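Here the structure comes first, spelled out in structure tokens, and everything after it is commentary.
There are 2 protein chains.
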Amino acid sequence: MSASQSAAPSPASPAPAVEFWFDFASTYSHLSAQRIETEARARDVEIVWRPFLLGPIFVAQGWKTSPFAIYPNKGANMLRDMQRLAALHGLPPLIAPEPFPQNSLLAARTALAIDPALISGFGRGVYMAQFAEGRDISRPETLTPILDALGLDAEATLEAARADGVKTALRDQTERAMDLRIYGAPTFVTSDRELFWGNDRLEHALDWEIGAAPRP
Amino acid sequence: MSASQSAAPSPASPAPAVEFWFDFASTYSHLSAQRIETEARARDVEIVWRPFLLGPIFVAQGWKTSPFAIYPNKGANMLRDMQRLAALHGLPPLIAPEPFPQNSLLAARTALAIDPALISGFGRGVYMAQFAEGRDISRPETLTPILDALGLDAEATLEAARADGVKTALRDQTERAMDLRIYGAPTFVTSDRELFWGNDRLEHALDWEIGAAPRP
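Chains as they are written, first to last, in UniProt numbering: chain A, 1 to 216; chain U, 1 to 216.
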């Protein structure tokens, strides 16, 4: 992107920034959400939180639900792996959410209805409610205390999340994910459009952004 | 397993040992094969190389080929990720094998036809031929120089690989993988039957084996 185009908002800004693409129902996105700001600060990288819906992408791939629900051995080992990784990262013991996968529509719309500066706190709260407290994130009463803790008017925010503009914004965001060829979550996209899939690539993506990872 | 059973060969021996389950056509198994012995030595862990066939497991899951071939976005990003990781680990630049996935039957049978002490060297050689030299591992002429380098009679070894006993051993090994609920490769299985899936879990599995990873 040339300097003459800098008037247009763009993810390819000169300051180090990585887009964090996540679906609130994504299990491994929980592990990334809880630690991404710490890892980013250590490298002076800004994180742009990008909620989207995996559902339409999975449907386009021929899946009606999460691959962890489709393939039982994979699903069982994912949960055990998440338990081990939660212990490794010093996070609260993992609780398998019921139902699984959760409906993430309300949480995603709510994230797009609030001040972008608050999405990181909201995101961490929603994932903690789901994976450390076993709460159902499709219910407004799960989101209310999280919005309260951010100093927001929960009722007004949940009402704003139902606005047509927010619905359109989420659809647009999901279409952008498809355009980026995102196929799972979490996905990290660097300024130079390098795509890193999975919580295991968090550090790699941040290192890439600051030029600390070797270019093949 | 009690001491009274120690006369029977068992993977659950008291000395630290991790089973490395791999399919020769598996992309990420290449990255593990090239570094697992170094990582294991650093922790005084023995590695038991366990070649098996993913094909029957994929078929049982409803897949006719590799998920990387079924899902184009996933496949494209896997290759890019492999290129980045090869650079990170100081491995030769990755070459995408043709055809993909490769037919790994001959390589797997050959691995079971040789002295188990030589499987690690054979495995590294086969993966290098496939992913660093772009050779087709289903062809005997690809395997011949690898067997030569191990000091083996290549022609006699490839003949031995066609024996019924070897075919049965590979089928048994693949059935054991299914019994262990293995669904992909590489997979690492510790003495206490903890299952770690993926090259990204290599260090975690070894740390678990020596008690250096927290138990959830």
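Glycine included, each C-beta is placed from N, C-alpha and C at the ideal position.
Values in this document were obtained by computation on a predicted structure and should not be read as measured data.
Chain U within 9 Å of residue i, Cβ atoms only
| i | result |
| --- | --- |
| A:F196 | yes |
| A:N103 | no |
| A:A12 | Because the pLDDT at A:A12 is just 49, under 50, the model does not fix this residue reliably, and the value given afterwards should be weighed accordingly. A:A12 does not count as touching chain U. |
| A:H204 | yes |
| A:K127 | Sequence inspection shows Tyr at residue 127 of chain A; the Lys mentioned does not correspond to that position. Chain U, which has no Cβ nearer than 9 Å to the Cβ of A:Y127, makes this no. |
| A:L118 | no |
| A:D81 | yes |
| A:P214 | yes |
| A:L94 | yes |
| A:Q61 | yes |
| A:R84 | yes |
| A:A8 | With a pLDDT of 48 at A:A8, under the threshold of 50, the predicted position of this residue should be treated as unreliable, and no value is reported. |
Of the listed residues the options, nearest to residue i (C-alpha basis)
| i | options | result |
| --- | --- | --- |
| A:A60 | A:I182, A:N199 and A:L150 | A:I182 |
| U:G90 | U:A40, U:A132, U:F100 and U:A205 | U:A132 |
| U:V48 | U:S120, U:A108, U:K167 and U:A96 | U:S120 |
| U:A161 | U:I137, U:E175, U:L105 and U:S29 | U:L105 |
| U:G55 | U:H30, U:S26 and U:K74 | U:S26 |
| U:E175 | U:A17, U:T190, U:P51 and U:A117 | U:P51 |
| U:F188 | U:P16, U:A15, U:P14 and U:F20 | U:F20 |
| A:K74 | U:Q34, U:M178 and U:I70 | U:M178 |
| A:L170 | A:M78, A:A108, A:P67 and A:P116 | A:A108 |
| U:L31 | U:R124, U:F68, U:A15 and U:P116 | U:R124 |
| U:L53 | U:P72, U:S29, U:E209 and U:P14 | U:S29 |
| A:E209 | A:A33, A:Q34 and A:R41 | A:R41 |
| A:M128 | A:V18, A:P14 and A:Q34 | A:Q34 |
| A:L180 | U:I70, U:P14 and U:A76 | U:A76 |
Classification of residue i by the beta-carbon crowding that lies within 10 angstroms, buried from 16 upward
| i | result |
| --- | --- |
| U:D23 | buried |
| A:T65 | exposed |
| A:T168 | exposed |
| U:G198 | buried |
| residue 222 of chain U | With chain U represented from 1 up to 216, any question about residue 222 of chain U goes unanswered, as that position is not in the structure. |
| A:A149 | exposed |
| A:E98 | exposed |
| A:D172 | exposed |
| A:P186 | buried |
| U:R215 | exposed |
| U:A212 | exposed |
| U:G184 | buried |
| A:E155 | exposed |
| A:A96 | exposed |
| A:A205 | buried |
| U:A86 | buried |
Beta-carbon proximity of residue i to residue j, cut-off 9 Å
| i | j | result |
| --- | --- | --- |
| residue 218 of chain U | U:L195 | Absent from the structure is residue 218 of chain U, since the part of chain U shown begins at 1 and ends at 216. |
| A:F122 | A:L147 | yes |
| U:P140 | U:L158 | yes |
| U:D207 | U:R43 | yes |
| U:Q102 | U:D136 | yes |
| A:P16 | A:E46 | yes |
| A:V126 | A:T144 | no |
| U:F100 | U:F58 | no |
| U:H83 | U:P72 | According to the sequence as given, residue 83 of chain U is Gln; it is not His. No, these two residues do not count as a Cβ contact at 9 Å. |
Chain A contact for residue i (CB, 9 Å cutoff)
| i | result |
| --- | --- |
| U:A15 | no |
| U:A160 | no |
| U:P56 | no |
| U:Q5 | Reliability fails at U:Q5, whose pLDDT of 44 lies under 50, so the model's placement of it is uncertain and the value that follows must be treated cautiously. It does not: the Cβ of U:Q5 has no partner Cβ on chain A nearer than 9 Å. |
| U:R109 | no |
| U:D200 | yes |
| U:W208 | yes |
| U:K74 | yes |
| U:R124 | no |
| U:S2 | Legend: pLDDT at U:S2 = 42, less than 50; position of this residue unreliable, value from coordinates given subsequently. By this cut-off, U:S2 is not an interface position. |
| U:A87 | yes |
| U:Y28 | no |
| U:I182 | yes |
Chain B contact residues for residue i, given Cβ-Cβ distances below 8 Å
| i | result |
| --- | --- |
| A:A185 | In the structure shown, chain B cannot be found, because the protein chains are A and U. |
At a cut of 8 Å, does the region 63-82 of chain U reach the region 106-116 of chain U through at least three beta carbon pairs?
no
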